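With the numbering used here applied, the sequence shown covers 30 to 187. Ideal Cβ placement from N, Cα and C applies to all residues, glycine included. Computed from a prediction, not measured in an experiment: that's the story for all the values here. Working notes, structure below.
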Amino acid sequence: MGGHCGPRGPSHPSSLDGTARRKELSALMNRPVSLARSVALVLALTILMAACGSDGGGSDETVEPITVTDGDTVTIVSKGVAFDVAEIEAGVGDSITFVHDHQDGNLPHNIRINELDVQTDVVTGPTTQTLDVTFDEAGSYTFVCIVHPQMTGTIFVE
Ligand SMILES: [Cu+2]
């Protein structure tokens with residue numbers, strides 16, 4: 030999120046130096062001002078957006094993985110029969126506390142980590158549960174609600 034385009038600020042397009050600006054101003058006298066201003070604004074925005082794209086930082090839609098280290102707690106919310114976390118990154122040997130923030134009233138959920146064969150009880154919400162886990166081996170671990178297989182995510186341990 031965020032993803033604003035660096036410290037460009039409210040600057041004017043640099044291609045419009047003093048001479049060009051005066052030329053444009055005199056041209057403005059001969060046509061409806063609102064149209065000319067609209068065209069200039071669209072051009073300026075187009076230039077700014079093109080510059081943003083070339084910075085390579087415009088991936089606002091990508092959900093960033095949550096990175097944790099030894100001793101961390103990570104909260105996974107269950108709401109609307111979905112987890113709010115898709116990817117978690119941890120290191121080999123890290124001990125992590127998973128907090129299951131179960132917000133679906135009257136729906137049964139839990140969190141299970143398949144590869145470690147550990148899970149919380151299946152309960153109806155709203156409630157919270159914790160699951161303490163140590164990742165001794167590198168690899169990909171799947172967390173899932175055993176009632177709803179579509180509620181799933183991955184823990185990458187490197
Ligand atoms: Cu569930």
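In the DSSP secondary-structure assignment, Leu-160 is bridged to Phe-127.
When the beta-carbon positions are compared, Glu-144 and Phe-185 stay at least 8 Å from each other. At a Cβ-Cβ threshold of 8 Å, Ile-95 and Arg-141 do not count as neighbours. About 6 Å separates the beta carbons of Leu-136 and Gly-154, which is inside the 8 Å limit, making them a contact pair.
Residue pairing by DSSP places Gln-148 opposite Arg-141 in a beta bridge. Counting other Cβ atoms within 10 Å of its Cβ, Val-173 reaches 16 or more and is therefore classed as buried. In the DSSP annotation of this structure, the continuous segment of the beta strand (DSSP E) that includes Gly-168 starts and ends at 168 to 173. Taking the Cα positions, Thr-126 is about 22 Å away from Pro-178. For Glu-116, the enclosing beta strand (DSSP E) covers residues 116 to 119.
Sequence-distant partners of Ala-111 (beyond 5 residues in either direction) whose C-beta falls short of 7 Å from its own C-beta, in its chain, are Met-180. CA-CA distance, Asp-113 to Glu-93, rounds to 12 Å. Ligand 1 has no heavy atom closer than 7 Å to the beta-carbon of His-129. For Val-176, the shortest C-beta to heavy atom distance toward ligand 1 is below 7 Å.
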